[in-house]
Amino acid sequence: MNFCIDNDQHPLIIDSGPHCSIVARNYLDNHFPNWENQLFPTKANNFKSASGKMTSIGSIIEEIIIPHKKGNIRLNPEF
716 MNFCIDNDQH PLIIDSGPHC SIVARNYLDN HFPNWENQLF PTKANNFKSA
766 SGKMTSIGSI IEEIIIPHKK GNIRLNPEF
């Protein structure tokens, strides 16, 4: 599934568990080229992965549009 940002399509990461999505810097570099300019500070959260502890560098709230033939879906997710 893809979503649109500024009329460009990008692959959608679906994560139904946490209150925010955790994504790698290279994903942000590829799909949100100006992500560092939109970075908001985050609370000290304790994130862990299978390979060890992860450090939060901030959050990004971005309006995205998921195209659908019966009407587009607009979201404001936090990354």
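Residue numbers for the sequence shown follow this note's numbering, beginning at 716 and rising by one.
Ideal Cβ placement from N, Cα and C applies to all residues, glycine included.
Here H783 carries a coil assignment [DSSP, helix/strand/coil].
Taking C-beta atoms as the reference points, F755 and G767 fail to come closer than 9 Å. With respect to the 9 Å criterion, I776 and I788 are not classified as neighbours on the basis of their beta carbons.
Membership of D723 in the beta strand (DSSP E) is indicated by the continuous run D723 to P726. Apart from the 5 residues on each side of it in sequence, Q724 sits with its Cβ closer than 6 Å to the Cβ of N717 in its chain, given in chain order.
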